[in-house]
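Protein chains in written order, with my numbering: chain A, 4 to 352; chain B, 4 to 352.
The block underneath contains the structure these notes are about, expressed in structure tokens.
Protein chains: 2
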Amino acid sequence: MTRVEKINKKVNEIDADCFVSFDKSDMLYFTQIYEDGILLIIEHTTYIFANKLSYDSIVNQKPQASVILANQGIKSLQELLIENKIHSIALDLKNTTAFQYETLKKNFEIKDATDFSKQIRMIKEQSEINAIKRAAIVARNAFTKVYPMIKIGVSEKEIKDELDYQMTKFGAQKSAFETIVASGINTSYPHHSPTDKKIEDGDFLMIDFGACVDGYNSDCTYTFLIGNRTDEERNFYNELFYTQTFTREFIAPNRTHAKDIDKRARDELAKYGLDKYFIHLTGHGVGLDIHELPYIDSSSETLIVPNMVFTIEPGIYIPGKYGVRIEQTILIKENDVEILGYAPFMEII
Amino acid sequence: MTRVEKINKKVNEIDADCFVSFDKSDMLYFTQIYEDGILLIIEHTTYIFANKLSYDSIVNQKPQASVILANQGIKSLQELLIENKIHSIALDLKNTTAFQYETLKKNFEIKDATDFSKQIRMIKEQSEINAIKRAAIVARNAFTKVYPMIKIGVSEKEIKDELDYQMTKFGAQKSAFETIVASGINTSYPHHSPTDKKIEDGDFLMIDFGACVDGYNSDCTYTFLIGNRTDEERNFYNELFYTQTFTREFIAPNRTHAKDIDKRARDELAKYGLDKYFIHLTGHGVGLDIHELPYIDSSSETLIVPNMVFTIEPGIYIPGKYGVRIEQTILIKENDVEILGYAPFMEII
């Protein structure tokens, strides 16, 4: 089935007449166009509603879609829907503003299509896998270049800036998300923003980064022990490292469910008394969005099948002390699991 | 009045019991915290609903707000609202998802507070103006550094990458938005994404960029004529340059309305027969968001008053040929207008 056939199948299942998306990633997925606009799919016809700013550029890219100059934005969309005698719209409520929703609700019945396109995008095509691999390799190469500068006295922000720059030099359009570089106590905050704090002897150093290539993202986290460290820190790191490895190796394609992967990580950490410090999910899908389906958490019944791409990223954060996270993005294959952008250095500087 | 008093005044005017925002810029404005979470203001009390990932980090920053560990997200918010006997919520419908809106609507009356916080943020305080100035200076300094590399044979993306890097080196947290570098025919697309196209003799080159410093953004666009050019191109550039200058100089604080500024730009371009190629608004506010109030367009009745910060950016785009945009961010003062991050080079390489 084509991508459009897949979304139509879901739209038909809820008896909606069409699919509308305000999500730029959906636009890219269904039309290969990455510009501002509204996506509309009515049966086999795909429309892009573009404003004057993006219209010429979109037309110039010759998409397999009807490009409509929509100076009135959502009003232009409504006019075409009324012309086509559309009564009901399938809409992702998590990617629609309340304003857009209320506007469309005046004339049409809204059917909840939350996550419909995300469920389709969860299973990657080969071209998508190739793009994610390219992104992962760009990120790894950039890191290899930046690695020699990581030493005591260098600031979190200096490492972040250099890593972002090297990713673009190696071919990234941009960073996949705001690169995290945290050291010392800052590693106890899972989503720390890099500061001018310099790396000190005895610090943990956490670097969470990814590249975006051809619209597709990569994602990984390295944690390092810097200089002198205690046995306690060493053990703490090792226990998390075991957890990440065992969790990844636990996955059996076509047999494991997402929630079981999450449980495997938590059970391993419980052995060391560390499960209470694991305060986020075990992983998330990666693709056109940096966070997408499948979510690897305790409530997800999703069966893990080939061509899914997601992270395995257990992390433990001791308030007031430090934290460790180790994250890899993996590809599910027929019988095994491939680590994307695998890097051999994971440890001590 | 404090920021909280200002929003409460607006909330009272529509008889709502509290203000809720899912907008990260609002969170930063009202609490000085830039993290994921939900903002709630009930009379004089400000709350931040944080998940486990951001809770410790927020508490550590000691905000003037009650920080609530909200593992259930919007459900935790609802519980507190019910405890506080809240009946109605003021909500910005353009910064709330349909999902969040529908969830809150089940238990509360929703009152439309679209743009309420944006109207307050439109008039900057001195500390905010200082931050925008710092951002503008960072951007200008970075450009000065990159300027010597701009020559025939260098690609759009190489300039973009270097400019982004230099902005961080000069102190930006990040670029204010995705830097635009367009050359040749690509300048006819107002929001072109940089490619590997190399700059050629006779090209126009358009660079639209800004820095983000302490959460505040700058924004400017330079257009250059590269190498040999025709009289037609030269005139075209000059006419746009006049337009930008005359439009900016037209502004009289406390007397001019936004729509009149827009008209001034269009009238000037009409003299040269170029008004039909001016396909976007004349300007937009700049602050915590890169696009915010006031919008300088034909429908805006907003009176221009001191401490507004916005862009003046007429642009003309000839389909299939080229485009020129010249953009400055300006600060409205008591009696005149200050150009932020003014750069002396605007012309020919």
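Beta carbons: idealized from backbone N, C-alpha and C, even for Gly.
Limits of the unbroken beta strand (DSSP E) element including residue i
i: TYR320/A; result: 318-321
i: ILE342/B; result: 340-343
i: ALA138/B; result: Where ALA138/B is concerned, there is no enclosing beta strand (DSSP E), although the alpha helix (DSSP H) it sits in stretches over 129-149.
Straight-line Cα distance separating residue j from residue i
i: LEU228/B; j: ARG237/B; result: 8 angstroms
i: ALA53/B; j: LEU42/B; result: 9 angstroms
i: ILE113/B; j: ALA116/A; result: 23 angstroms
i: ASP278/B; j: VAL14/B; result: 41 angstroms
i: LYS55/B; j: GLU8/B; result: 30 angstroms
i: LYS172/A; j: VAL23/A; result: 37 angstroms
i: LEU343/B; j: ILE89/B; result: 44 angstroms
i: HIS2/A; j: THR250/B; result: Limits of chain A in this structure are 4 at one end and 352 at the other, which puts residue 2/A out of reach.
i: VAL62/B; j: LEU72/B; result: 10 angstroms
i: ALA45/A; j: ASN11/A; result: Note that residue 45/A corresponds to Ile in the displayed sequence, not to Ala. Approximately 8 angstroms between the Cα atoms of the pair.
i: PHE25/B; j: ILE155/B; result: 46 angstroms
i: ALA134/A; j: GLU128/A; result: 10 angstroms
i: SER196/A; j: LEU296/A; result: 25 angstroms
i: ASP167/A; j: TYR168/B; result: 8 angstroms
i: SER69/A; j: ILE282/B; result: 21 angstroms
i: PRO322/A; j: TYR280/B; result: 57 angstroms
i: THR99/B; j: ILE85/A; result: 26 angstroms
i: TYR150/A; j: TYR225/A; result: 11 angstroms
i: SER301/B; j: LEU284/B; result: 8 angstroms
i: ASP95/B; j: PHE102/A; result: 9 angstroms
C-beta neighbour in chain A for residue i, strict 8 angstroms
i: ALA1/B; result: The structure shown does not extend to residue 1/B, since chain B is modelled only from 4 through 352, so no value can be given for it.
i: GLU181/B; result: yes
i: LYS177/B; result: yes
i: ASP164/B; result: yes
i: TYR298/B; result: no
i: TYR219/B; result: no
Chain B within 8 angstroms of residue i, Cβ atoms only
i: LEU96/A; result: yes
i: THR171/A; result: yes
i: TYR150/A; result: no
i: TYR240/A; result: no
i: TYR104/A; result: yes
i: TYR32/A; result: no
i: TYR168/A; result: yes
The alpha helix (DSSP H) enclosing residue i, as first and last residue numbers
i: MET170/B; result: 159-172
i: GLU252/B; result: 234-253
i: THR314/A; result: Unbroken run through THR314/A is the beta strand (DSSP E), 312-315; no alpha helix (DSSP H).
i: LEU84/A; result: 77-86
i: LEU107/A; result: 101-108
i: ILE10/B; result: 6-16
i: LYS65/A; result: LYS65/A -> no alpha helix (DSSP H), and no H or E assigned at all.
i: ILE123/A; result: 119-124
Per DSSP, cross-strand counterpart(s) of residue i
i: MET209/B; result: ALA185/B and THR226/B
i: VAL23/A; result: LEU43/A and LEU94/A
i: HIS260/B; result: LEU306/B
i: PHE52/B; result: ILE41/B and ILE71/B
i: LYS201/B; result: SER158/B
i: HIS283/B; result: Paired residue(s): none; HIS283/B is not in a bridge.
i: GLU333/B; result: Position check: residue 333/B holds Ile in this sequence, whereas Glu was assumed. Beta-bridge pairing links ILE333/B to PHE313/B and ILE342/B.
i: ARG328/A; result: GLY318/A
i: ILE113/A; result: ILE92/A
i: GLU295/A; result: GLY288/A
i: TYR219/A; result: VAL216/A
i: SER178/B; result: ALA214/B
Which of the residues in the segment 47-61 of chain A, read from start to end, lie with their CB under 7 angstroms from any CB of chain B? For the segment 47-61 of chain A, the set of positions with a beta-carbon nearer than 7 angstroms to some beta-carbon of chain B reads LYS55, LEU56, SER57, ASP59 and SER60 in chain order.
Under 7 angstroms (Cβ pairs) to chain B, residues found in the segment 199-216 of chain A: Correct list: empty, as no residue qualifies.
Interface positions of the segment 272-288 of chain A facing chain B (Cβ-Cβ less than 8 angstroms), listed along the chain: Taking 8 angstroms as the Cβ-Cβ cut-off against chain B, the residues of the segment 272-288 of chain A that qualify are ILE282 and HIS283.
Report the residues of the segment 184-199 of chain B with a CB closer than 8 angstroms to any CB of chain A, ordered along the chain. Taking 8 angstroms as the Cβ-Cβ cut-off against chain A, the residues of the segment 184-199 of chain B that qualify are SER191, TYR192, PRO193, HIS194, HIS195 and SER196.
Short-range partners of chain A found in the segment 247-267 of chain B, where Cβ spacing is below 8 angstroms: Of all residues in the segment 247-267 of chain B, none places a beta-carbon less than 8 angstroms from a beta-carbon of chain A.
Contact list for the segment 307-330 of chain B against chain A, Cβ threshold 9 angstroms: Those residues of the segment 307-330 of chain B that come within reach of chain A (Cβ to Cβ, closer than 9 angstroms) are TYR320, PRO322 and GLY323.
Members of the segment 109-142 of chain B near chain A, C-beta cut-off 7 angstroms: Taking 7 angstroms as the cut-off between beta carbons, the residues of the segment 109-142 of chain B near chain A are THR117, in sequence order.
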